[in-house]
Amino acid sequence: MKYIDLDTVNKRMTTRILINKLVKYLFLAATLFGLIVLAVLLYRVFADTIGWLNLDFLTNRLSTIPENAGIKGAITGTLWLMLIVGPVTMILGVGTAVYLEEYAKRGRLHSFIQTNINNLAGVPSIVFGLLGLTVFVRVLGFGTSVIAGGLTMSLLVLPIVVVAAQEAIRSVPGFLREASFGMGATKWQTIKNIVLPAALPGILTGTILALSRAIGETAPLVALGIPALLIPIPSGIFDNFTALPMQIYYWTLDSVLVDEYANLAAATILVLLIILFLMNSVAIILRNKFQKRY
Amino acid sequence: MMIKKTALFSMLTAMVIATAACSSGGAEGTEQSGGNNNSSENNSNSGNDGNGGELSGSVVIDGSGTVYPLMSRIAEEFMVNEHENVSVEVARAGTSAGMQKYVAGETDFANASREIKEEEVAELEANGIESKEFKVALDGLTMVINPENDWAEEMTEEEISTMFVTGNYKDDDVVLWSDIRSEWPEEEINFYGPNENHGTNEFFVKEIIEEQDLVETINLQQEYSTLVNLVAEDENAIAFFGYGYYANNDDKIKAVEVDFGNGPVAPSLDTIAEDGEYGPFTRPVFTNLSIDAAKEKPQVKAFAEYIFQVANDFAGDTGFAPLPEEELQESLEFIQSIN
Chain A
1 MKYIDLDTVN
11 KRMTTRILIN
21 KLVKYLFLAA
31 TLFGLIVLAV
41 LLYRVFADTI
51 GWLNLDFLTN
61 RLSTIPENAG
71 IKGAITGTLW
81 LMLIVGPVTM
91 ILGVGTAVYL
101 EEYAKRGRLH
111 SFIQTNINNL
121 AGVPSIVFGL
131 LGLTVFVRVL
141 GFGTSVIAGG
151 LTMSLLVLPI
161 VVVAAQEAIR
171 SVPGFLREAS
181 FGMGATKWQT
191 IKNIVLPAAL
201 PGILTGTILA
211 LSRAIGETAP
221 LVALGIPALL
231 IPIPSGIFDN
241 FTALPMQIYY
251 WTLDSVLVDE
261 YANLAAATIL
271 VLLIILFLMN
281 SVAIILRNKF
291 QKRY
Chain B
295 MMIKKTALFS
305 MLTAMVIATA
315 ACSSGGAEGT
325 EQSGGNNNSS
335 ENNSNSGNDG
345 NGGELSGSVV
355 IDGSGTVYPL
365 MSRIAEEFMV
375 NEHENVSVEV
385 ARAGTSAGMQ
395 KYVAGETDFA
405 NASREIKEEE
415 VAELEANGIE
425 SKEFKVALDG
435 LTMVINPEND
445 WAEEMTEEEI
455 STMFVTGNYK
465 DDDVVLWSDI
475 RSEWPEEEIN
485 FYGPNENHGT
495 NEFFVKEIIE
505 EQDLVETINL
515 QQEYSTLVNL
525 VAEDENAIAF
535 FGYGYYANND
545 DKIKAVEVDF
555 GNGPVAPSLD
565 TIAEDGEYGP
575 FTRPVFTNLS
585 IDAAKEKPQV
595 KAFAEYIFQV
605 ANDFAGDTGF
615 APLPEEELQE
625 SLEFIQSIN
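Protein sequences, first through last, are from chains A and B. Under this note's numbering, the very last position in the first sequence is 294; numbers go up by exactly one each time. Under this note's numbering, the very last position in the second sequence is 633; numbers go up by exactly one each time.
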């Protein structure tokens, strides 16, 4: 008597091997799908960009005439926006994270705040735009200036920074804190000298990723009412501004009026993608360099 | 290890210092150009130095997307050729959305593809804003179809105004081309048009179908680019919008020649005129100027004058028919008389 019925095993063998292979290609296809779409997108952007992305395009001011149009104003506007969003989210975000991780007692209030921060991360960006329109543009009277746009964007990406900073602070090993307390340091001295320096790479990575989210957001700026034609270059935080995604949005819509606007939009997309790529690279380098120090 | 920490901390410090620097720079910025609310005071100071001198400050414009191409072109020419230090900002939230900002005193001009409404006039009065409406150019309401559509190339004015009204052919508004003329195909018509934010929609409902309800099956869109693409891909489509959006896309969509009683007329820069062959579908497009803003801010007055000096030079390029010179001259003189 045989313990293994070879016939049955052989019969099922072919199907099992077949399914095994099939599943492999299924997952490969799932992976390729996204990549192919990205490749098509990049191909179309590059094809439309040829002949349009040059130094003049980067240094010229905005114009309704495609040959004269440039994105110096949009680039400057985006940089000003980042100068607001970066420090504001970092100060508020790290402050929140330090409070929640180091000071707040674990309890109902703590989990209530925690849940709401997570909920906030899921609120659609247009809602933040409308909030910004009411509070910063109208009530505080900032108009459609850099500071109004920057504060709106800061609120939008704040939850990302808070969560990233919390994780960074949580990953600082307890023995470091205990050693510090053992040396007679106060809580604030411990946070300032031990916890924050150790958590800083994680915090910076989170902040940069949040910035790269903010840099590409269009909906909140549309809600604020950023003008479609704004030629002067912003020189301060109370100046009106336009940003790269706004220019992409308006040029894409207006390509029904002037065909060449589609090329301008493509060139702007490429510039935005390059900026995003650089920022994400910095975030990855930071993360890899400082990972697992303890 | 220590060095890395120091490096990271100095990065952080640098960012914070940068913010501080920004905010002090920003304070100066307020004095120069400022937000919409407090700029008038500052700008009037700079204007008193002499009318012949170089102007600065900002001119804030919002409103119709139909008027936007013309106004943005004029604004750019003004900034490039006349007053380099003036910032003319042109937004295009739509006629009604732009009006809301205008009546609240947030903008200096409101572009409109329809006349100002009574309730908007009332709000202006309530807010103490003196306003005047000016015609800037003429637009022809254009009926567009797919290039493959070889039957509905000519239609009468009555056929158009009948087909767009609810309940005229079917209770469920599923209208077939054959319902309009029996020799046309028995296929469902797909209606498209701009949504209620647009003055073009309001003009169509008020002037063409005379306040009756649009067919329920109509697909109303916010963006003209979407409308152009929808019609370009749909053989049974019919849509209405301003002539400019047709003229720049005549390779993708076709204009219906309209018969107003004297044979079919195609919309063109020659036929669009208030007493022209395309007259019944011709409408003026407007801009509303806050007289208060023009008094307080010399750059607003200067730009208003410039509009009526050059409107006809750029109308054709941006898809509008010119206004009679006398009308522009009249508007110009009115603005010059504001003190």
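Note that beta-carbon positions come from the ideal geometry of N, C-alpha and C, so glycine has one too. No experiment lies behind these values; they were computed from the predicted model shown.
- Message: Using 8 Å as the threshold, is the C-beta distance between D269 (chain B) and I368 (chain B) below it?
- Response: No answer is possible for residue 269 (chain B): it lies beyond the span of chain B, which begins at 295 and ends at 633.
- Do you know offhand how far I474 (chain B)'s Cα is from T115 (chain A)'s? 60 Å
- Span of the alpha helix (DSSP H), counted from its first residue to its last, around G399 (chain B): From DSSP, G399 (chain B) is part of no alpha helix (DSSP H); its letter is neither H nor E.
- Task: Look at the alpha carbon of S281 (chain A) and the alpha carbon of L83 (chain A), and state the distance between them as a whole number of angstroms.
- Result: If I take the Cα positions, the gap works out to 19 Å.
- Query: Quick one: Cα of D5 (chain A) to Cα of T31 (chain A), how far?
  - Reply: Taking the Cα positions, D5 (chain A) is about 39 Å away from T31 (chain A).
- Give me the Cβ distance between D465 (chain B) and T511 (chain B), rounded to the nearest whole Å; I'm assuming they're in contact under 8 Å. About 12 Å; that fails the 8 Å criterion.
- Best match in A:K21, A:L28 and A:A219 for proximity to P124 (chain A) [C-alpha to C-alpha]: A:A219
- Task: Anything in chain B within Cβ reach of V256 (chain A), meaning under 7 Å, just list it in chain order.
- Result: Y518, S519, V522, Y539, N542 and N543
- C-beta contact flag for G143 (chain A) and V135 (chain A) at 8 Å: no
- Give me the Cβ distance between I215 (chain A) and L276 (chain A), rounded to the nearest whole Å; I'm assuming they're in contact under 8 Å. 7 Å
- Leaving out five residues before and five after E417 (chain B) in sequence, what residues of the same chain have Cβ atoms less than 6 Å from its Cβ? V397
- Message: Determine, for L264 (chain A), whether the minimum Cβ-Cβ distance to residues of chain B falls below 8 Å.
- Response: no
- Go ahead and label F597 (chain B) buried or exposed: buried means 16 or more other beta carbons lie within 10 angstroms of its beta carbon, across all protein chains shown. buried
- Integer Cβ distance of L432 (chain B) from A615 (chain B), believed to fall under 8 Å: 4 Å
- Query: Of all the alpha helix (DSSP H) runs that stay within the bounds of the segment 31 to 105 of chain A, which reach a length of 4 or more residues?
  - Reply: Those alpha helix (DSSP H) runs which fall completely within the segment 31 to 105 of chain A and span 4+ residues are 55 to 59 and 72 to 98.
- Message: Just to confirm before moving on: does the CB-CB distance between L204 (chain A) and V146 (chain A) stay below 8 Å?
- Response: no
- Item | Collapsed DSSP secondary structure at R475 (chain B) in the structure displayed | coil
- Message: Helix, strand or coil for Q114 (chain A)? Go by DSSP, reduced to three states.
- Response: Residue state, collapsed to three classes: helix.
- Item | Presumed contact (8 Å Cβ cut-off) between V594 (chain B) and V361 (chain B), rounded CB distance | Incorrect: roughly 17 Å between the Cβ atoms, too far for contact.
- Please decide whether V468 (chain B) counts as near chain C, where near means a Cβ-Cβ distance under 8 Å. Here the protein chains are A and B, and chain C is not one of them.
- Message: To be precise: take each residue of the segment 225 to 251 of chain A, compare its Cβ to all Cβ atoms of chain B, and keep it if any distance is under 7 Å. Which residues remain?
- Response: G225, P227, A228, L229, L230, I231, P232, S235, G236, I237, F238, D239 and N240
- Look up L120 (chain A) in the DSSP assignment and say whether it is helix, strand or coil. helix
- Item | alpha helix (DSSP H) segment containing V161 (chain A), residue limits | V146 to R170
- Query: Alpha carbon to alpha carbon, what distance is there between L151 (chain A) and E322 (chain B)?
  - Reply: Note that E322 (chain B) scores 37 on pLDDT, short of 50, meaning its location in the model is unreliable; the coordinates nonetheless yield the value given after this. Going from the Cα of E322 (chain B) to the Cα of L151 (chain A) covers about 19 Å.
- Item | Within-8 Å CB hit, S390 (chain B) to chain A | Using a CB distance cut-off of 8 Å, S390 (chain B) does not count as an interface residue toward chain A.
- Sufficient close CB pairs (3 or more, under 8 Å) joining the segment 478 to 489 of chain B to the segment 517 to 535 of chain B: yes
- Could you tell me whether the Cβ of S63 (chain A) comes closer than 8 Å to any Cβ of chain B? yes
- Starting from R367 (chain B), trace the alpha helix (DSSP H) both ways and give me its first and last residue. Judged by DSSP secondary structure, R367 (chain B) falls within the alpha helix (DSSP H) whose first and last residues are Y362 to E371.
- the segment 554 to 569 of chain B touching the segment 375 to 395 of chain B, judged by at least three CB pairs closer than 8 Å: no
- Message: Which same chain residues end up closer than 6 Å to T49 (chain A) when comparing Cβ atoms and leaving out the 5 residues on each side of it in sequence?
- Response: A266, A267 and L270
- Item | Spatial distance of L130 (chain A) from S381 (chain B) (CA atoms) | 26 Å
- Task: Using only the heavy atoms of the ligand GDP, determine whether one of them is closer than 7 Å to the beta carbon of G610 (chain B).
- Result: Among the ligands in the structure shown, none appear at all, so the ligand GDP cannot be discussed.
- Query: From S350 (chain B) to A69 (chain A), what distance separates their C-alpha atoms?
  - Reply: 22 Å
- Do the segment 490 to 499 of chain B and the segment 540 to 548 of chain B make contact, defined as three or more Cβ pairs closer than 8 Å? No: the two stretches stay apart, fewer than three of their Cβ pairs being nearer than 8 Å.
- Since L156 (chain A) meets chain B, which of its residues come closer than 9 Å, beta carbon to beta carbon? Those do not exist, as L156 (chain A) stays about 18 Å from chain B at its closest Cβ, beyond 9 Å.
- Message: Any beta carbon of chain B sitting closer than 8 Å to that of L253 (chain A)?
- Response: Taking Cβ atoms only, chain B reaches closer than 8 Å to L253 (chain A), which makes this a yes.
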